[in-house]
Every structure is written in structure tokens, then in C-alpha cells.
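*Asks:* Pasting a structure below so you can have a look.
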Amino acid sequence: VSKKKYDAEENVKIICLGDSAVGKSKLMERFLMDEYRPQQMSTYALTLYKHTTTLGNKKVLVDFWDTAGQERFQSMHPSYYHNAHACIMVFDVQRKITYKNLSNWFKELREYRPEIPCCVVANKIDADLKITQRSFNFAKKHGLPFYFVSAADGTNVVKMFREMINRALEYKQNPSDFMDEVMQELENFDLKKKEENSDEDGLKAEN
């Protein structure tokens, strides 16, 4: 890889979270297409993808970190979260448990990175488009952007990644702006705690 390609004015780190086999790597591959040259860091059980883009007049180098199997332990090494500027949380609409586990991933994320922007991604909608008519309350409850995507056919993949790169850069340049979002998240969390038991959402209302 030529050094010149990575001479960027800004550098951001975006991490992916979610259970095994929800399609995190596939989303990465779909977005990067021709640039797809992952570096396997087997020692740390992670895969690193590099992507350069231009935002405004700035050349931005994005490091995407993917879990590479570490998520089987339902927890990530603290270094995974270190200096991350944004997070993409993915679940598989075909598997309820992957949606349920978002709360564990989100809790861990907020322990290490309480203020970074985060979004929720519902993957594999190509398997059943009717799923997009359902409401998934997790994102709403925490005030997070939500995307229905398909790594298989590309639906919303580029849009989601571009918006998250933008948010990562905004966070890096003005981290204090995001503290307001976090305060809102915490307020929402307290309000919703009481409603937890009666929480009906898309995946539970299947029958």
C-alpha cells in the first residue's frame, strides 16, 4: 500500500459491535468493494480496514475496526474501544437474540466511550422486506440513528457508512458537542427503565 494514499489531514477510528455472524464484515466488504484489503490482527482478534475519503476539502483516513471472532466472548478487549470516534452496532433481523444482545454491547461501549456517536444497524433485510415495517425500539429508546440495511444487495450501506464517517469526524473536532447527546441518552434511559417489562417491539411481536 503506497504511503501517499494514506497522507490524510484527518484520521478517525470507527468500531463495529454486535454478535457473531450478524454481517459486520460483510457490510464492510460491501462498502469498501474495490478497496477491500483487510489486515488481520490475529493476536488481537480483530480485522482492520482502511478507507480514504474526502469530506469538505479534507482528506480523511478512516480505520474501521471489526471484531474477528472476539465477540464470541460477549465482551471486547478495552483496547478495541480506545480512541474510537464512532461506533456501528449491528444485529441480524432473522435472529432475535442478536437484537436482544444489543443492550449488552451498548452498555460495554458506554463504559469505555461514554460520549461517542453510535448507530444501530438492522442487517439482512433482503431475506424479508416486511421486517422494515416493524419498529425496533432499542435505537429510539437510546436516541440513536437507526438503519435498515442489506450487505447482500447493498441497501443503505453506503448511506449509513458515509453518515457515520461524518459523525466520527464531527465528534473528533468537537467532542463536547456530543456530551449533550449523552445526557439526553441517560435521561431517556432512566425514563424507559420503568417501561422495560412492557416493551413490545418488532421481534417480540412476531406471532
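Heads up, the sequence shown is in our numbering, so the first residue is 133 and it goes up one at a time. Note that CB positions come from ideal geometry on N, CA and C, so glycine has one too. What you are looking at is a predicted structure, and each value in this text was computed from that prediction instead of being measured.
Over what stretch of residues does the alpha helix (DSSP H) that includes residue 221 continue unbroken?
*Replies:* For this step, residue 221 is matched to residue 89 along the sequence shown. Segment 218-224 is the beta strand (DSSP E) holding residue 221; no alpha helix (DSSP H) there.
*Asks:* Whole angstroms is fine: what's the gap from residue 236's alpha carbon to residue 142's?
*Replies:* Position 104 of the sequence shown, counting from 1, holds the residue named residue 236. Position 10 of the sequence shown, counting from 1, holds the residue named residue 142. Using only the alpha carbons, I get a separation of about 31 Å.
*Asks:* I'd like to confirm the pairing. Which residues does DSSP put opposite residue 196 in its beta bridges?
*Replies:* What you label residue 196 is simply residue 64 of the sequence shown in a count that begins at 1. According to DSSP, which records beta bridges pairwise, residue 196 is partnered with 146, 181.
*Asks:* Tell me, which residues are paired with residue 253 by DSSP?
*Replies:* In the sequence shown, counting from the first residue as 1, residue 253 sits at position 121. Beta-bridge pairing links residue 253 to 222, 279.
*Asks:* Going by DSSP, what residue range makes up the alpha helix (DSSP H) through residue 228?
*Replies:* Locating residue 228 in the sequence shown gives position 96, where the first residue counts as 1. It spans 228-232 - the alpha helix (DSSP H) in which residue 228 sits, taken as one unbroken run.
*Asks:* Which same chain residues, not among the five before or five after residue 201, have their C-beta less than 6 Å away from its C-beta?
*Replies:* Residue numbering aside, residue 201 sits at position 69 when the sequence shown is read from its first letter. Once the five neighbours on either side are set aside, the close Cβ partners of residue 201 are 177.
*Asks:* Between the C-alpha atoms of residue 186 and residue 193, what's the straight-line distance to the nearest angstrom?
*Replies:* What you label residue 186 is simply residue 54 of the sequence shown in a count that begins at 1. What you label residue 193 is simply residue 61 of the sequence shown in a count that begins at 1. Going from the Cα of residue 186 to the Cα of residue 193 covers about 9 Å.
*Asks:* Could you tell me if residue 309 is buried or exposed, where buried requires 16 or more neighbouring beta carbons within 10 angstroms of its beta carbon?
*Replies:* For the purposes of this step, residue 309 is taken as the residue at position 177 of the sequence shown. Label assigned to residue 309: exposed.
*Asks:* Going by Cα to Cα distance, which pick from 146, 150, 157 is closest to residue 284?
*Replies:* Position 152 of the sequence shown holds residue 284. Among 146, 150, 157, the Cα nearest to that of residue 284 is on 157.
*Asks:* Taking the straight line between their C-alpha atoms, what separation do you get for residue 207 and residue 151?
*Replies:* Here residue 207 refers to the residue found at position 75 when the sequence shown is read from its first residue. Here residue 151 refers to the residue found at position 19 when the sequence shown is read from its first residue. Cα to Cα, the separation comes out at about 10 Å.
*Asks:* In whole angstroms, give me the CA-to-CA distance for residue 189 and residue 228.
*Replies:* If you number the sequence shown from 1, residue 189 lands on position 57. If you number the sequence shown from 1, residue 228 lands on position 96. If I take the Cα positions, the gap works out to 42 Å.
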